[in-house]
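S.K.:
Number of protein chains: 2
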Amino acid sequence: MEKRIDELLKRNQLSVTSGRRKILELFLLQEGALSHSDIEKKAGEKFDRVTVYRTLQAFLEKGLIHNIPTADNSIRYALCKDDCTAGHHRDDHVHFICSSCGNTVCLEEVNVPVLKLPKGFVAEQVEVLVNGVCKSCNA
Amino acid sequence: MEKRIDELLKRNQLSVTSGRRKILELFLLQEGALSHSDIEKKAGEKFDRVTVYRTLQAFLEKGLIHNIPTADNSIRYALCKDDCTAGHHRDDHVHFICSSCGNTVCLEEVNVPVLKLPKGFVAEQVEVLVNGVCKSCNA
DNA sequence: CGACAAACGCAACAATGTTGCAAAAACAAT
DNA sequence: ATTGTTTTTGCAACATTGTTGCGTTTGTCG
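Heads up: the protein sequence lines correspond to chains A and B, in order.
Numbering follows numbering that gives the first Met the number 0, in which position 125 of the first sequence is assigned residue number 124; successive positions increment by one, without gaps.
Numbering follows numbering that gives the first Met the number 0, in which position 61 of the second sequence is assigned residue number 60; successive positions increment by one, without gaps.
1. Going by Cα to Cα distance, which pick from A:P117, A:L7, A:C133 is closest to R19 (chain A)?
2. Under 8 Å Cβ-Cβ, which residues of chain A neighbour L114 (chain B)?
3. When we look at the beta-carbon of S36 (chain B) and count the other beta-carbons within 10 Å, is it buried (16 or more) or exposed?
4. For F120 (chain A), return the contacting residues in chain B, with the cut-off set at a CB-CB distance below 7 Å.
5. Would you decide whether G101 (chain B) is buried or exposed? Buried here means 16 or more other CB atoms lie within 10 Å of its CB.
6. State yes or no: is the C-beta of K21 (chain B) within less than 8 Å of the C-beta of V15 (chain B)?
7. Tell me, please, which residues DSSP counts as bridged to R75 (chain A).
8. Compare the beta carbon distance of V113 (chain A) and H92 (chain A) with 8 Å and say whether it is the shorter of the two.
9. Does the count of Cβ pairs from the region 125-137 of chain A and the region 57-65 of chain A closer than 8 Å reach three?
10. By Cβ distance below 7 Å, which residues in the same chain neighbour I38 (chain A) in space, the five residues on each side in sequence not counted?
11. Taking the alpha-carbon of G31 (chain A) as reference, which of A:S73, A:D5, A:K2, A:I96 has the nearest alpha-carbon?
12. Straight-line CA distance for K2 (chain B) to K80 (chain B)?
13. Could you tell me how far apart the beta carbons of L13 (chain A) and A57 (chain A) are, in whole angstroms, since I believe they sit closer than 8 Å?
14. Do you know offhand how far D47 (chain A)'s Cα is from R53 (chain A)'s?
15. Check whether the Cβ of N102 (chain A) lies closer than 8 Å to any Cβ atom in chain B.
16. So, does the CB of Q124 (chain A) fall closer than 8 Å to a CB anywhere in chain B?
17. Could you check if S140 (chain B) is buried or exposed, using at least 16 other CB atoms within 10 Å of its CB as the buried criterion?
18. Work out the CA separation of S17 (chain B) and K45 (chain A) for me, nearest whole Å.
19. Return the chain-ordered list of same chain residues with a C-beta closer than 7 Å to the C-beta of G43 (chain A), the five sequence neighbours on each side being excluded.
20. State the DSSP-derived secondary structure class of L59 (chain A), mapped to helix, strand or coil.
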């Protein structure tokens, strides 16, 4: 685990620090996405708020995580898959937000559909957010 | 215009006040969506910040407007079509965010696709956000 | 017009996000 | 391993955004 974390950071051209290790660990342990405040809470008193902001920013820039828009002003972040590197994002899956447990998960197996837009509109990226009840809550 | 505004408010069970008139007017004049700060700026010094919050909240609850998630922590709001009333939202169109002019518009003519989700997941609402260059910016 | 309810403005506060800078930690080279 | 350089961190101060309570004003309805 330790090893995997350090390797992930290095592969993404990030120097290995205890803060980054800790935050990346949170992502690896967590099934699903984390918001900024989730991270602050889970990390406890160990980090300055500013460090969390800057770490997420760095992760984003290097393509280690991607962000998920929400309707409640609290962006979520989730780990990218391995074939996702800086600049070259491969973020074409659907995001599911559970109205029961509040969790946000990436449905990697559901691809975003191809849309036919009106004349004049050119799509660069398509984001699909599904709201509903997730597998665990339906069980 | 005046008349239309007042009528719209009444139809949605909202008492007619100068603040609500003004904000609703902004929506009618604007092609596209508005963020909270857009409204604050456009309304000038005329209103208290709190009034804007409460007005948007009221409009949302009554189904006069709907909100559009974004990836930058700044929810946008847009007018609902006529067949949209409190409780019964008919918000099944795609939202387009222009990376050039920054505008957000509702593409009423593009319906959100039906998705096939993994076993166990039940969808309640699907939101599609398209990023790209809009008609006006491509012209 | 007058009574009642709703909305407003203000103030105070809480939460969230940003910036500059000095201390500390990581990295690279000897 | 030690030193020098660069990057990251924590702190403090600040800006922005969102929330709550309350007295006053405004709209609504009889």
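No residue lacks a Cβ here, since even glycine has one placed at the ideal position from N, Cα and C.
All figures in this text were calculated on a predicted structure; none of them were measured in a lab.
M.R.: Let me spell this out:
1. Here residue 19 (chain A) refers to the residue found at position 20 when the first sequence is read from its first residue. For the residues A:P117, A:L7, A:C133, the minimum Cα distance to R19 (chain A) belongs to A:L7.
2. For the purposes of this step, residue 114 (chain B) is taken as the residue at position 115 of the second sequence. In chain order: V93, V109, P112, V127, V129.
3. Counted from its first residue, the second sequence places residue 36 (chain B) at position 37. Looking at its Cβ environment, which holds fewer than 16 other Cβ atoms inside 10 Å, S36 (chain B) is exposed.
4. Within the first sequence, the letter at position 121 stands for residue 120 (chain A). Here the neighbours are F95, G131, C133, K134.
5. Stepping through the second sequence from its first residue, residue 101 (chain B) is reached at position 102. Classification for G101 (chain B): exposed.
6. By one-based count along the second sequence, residue 21 (chain B) stands at place 22. By one-based count along the second sequence, residue 15 (chain B) stands at place 16. Result no, Cβ atoms of K21 (chain B) and V15 (chain B) do not sit closer than 8 Å.
7. Reading the first sequence from its first residue, position 76 is the one you call residue 75 (chain A). R75 (chain A) is bridged to A:S34, A:I67.
8. Position 114 of the first sequence, counted from the first residue, corresponds to residue 113 (chain A). Position 93 of the first sequence, counted from the first residue, corresponds to residue 92 (chain A). It is not a contact, given that the beta carbons lie outside the stated cut-off.
9. no
10. To locate residue 38 (chain A), count along the first sequence from 1; it is residue 39. Excluding residues within five positions, the ones whose Cβ falls inside 7 Å are I22, L25, V51.
11. Taking the first sequence and counting its residues from 1, one reaches residue 31 (chain A) at position 32. G31 (chain A) has its Cα closest to that of A:I96, out of A:S73, A:D5, A:K2, A:I96.
12. For the purposes of this step, residue 2 (chain B) is identified with residue 3 of the second sequence, where counting begins at 1. For the purposes of this step, residue 80 (chain B) is identified with residue 81 of the second sequence, where counting begins at 1. Each residue's alpha carbon lies about 18 Å from the other.
13. Taking the first sequence and counting its residues from 1, the one referred to as residue 13 (chain A) is at position 14. Taking the first sequence and counting its residues from 1, the one referred to as residue 57 (chain A) is at position 58. Correct: roughly 6 Å between the Cβ atoms.
14. The residue labelled residue 47 (chain A) in the question sits at position 48 within the first sequence. The residue labelled residue 53 (chain A) in the question sits at position 54 within the first sequence. Taking the straight line from one Cα to the other gives about 10 Å.
15. Taking the first sequence and counting its residues from 1, the one referred to as residue 102 (chain A) is at position 103. Closer than 8 Å: no.
16. Along the first sequence, one-based indexing puts residue 124 (chain A) at 125. So, interface residue.
17. Since the displayed chain B opens at 0 and closes at 138, residue 140 (chain B) lies outside it and no answer follows.
18. Numbered from its first residue, the first sequence carries residue 45 (chain A) at position 46. Numbered from its first residue, the second sequence carries residue 17 (chain B) at position 18. Cα-Cα distance, rounded: 49 Å.
19. Translated into the one-based positions of the first sequence, residue 43 (chain A) becomes position 44. For G43 (chain A), where only same-chain residues beyond five positions count, there are no Cβ hits under 7 Å.
20. Residue mapping note: residue 59 (chain A) aligns to position 60 of the first sequence, counting from 1. The answer is helix: DSSP assigns L59 (chain A) an H, G or I state.
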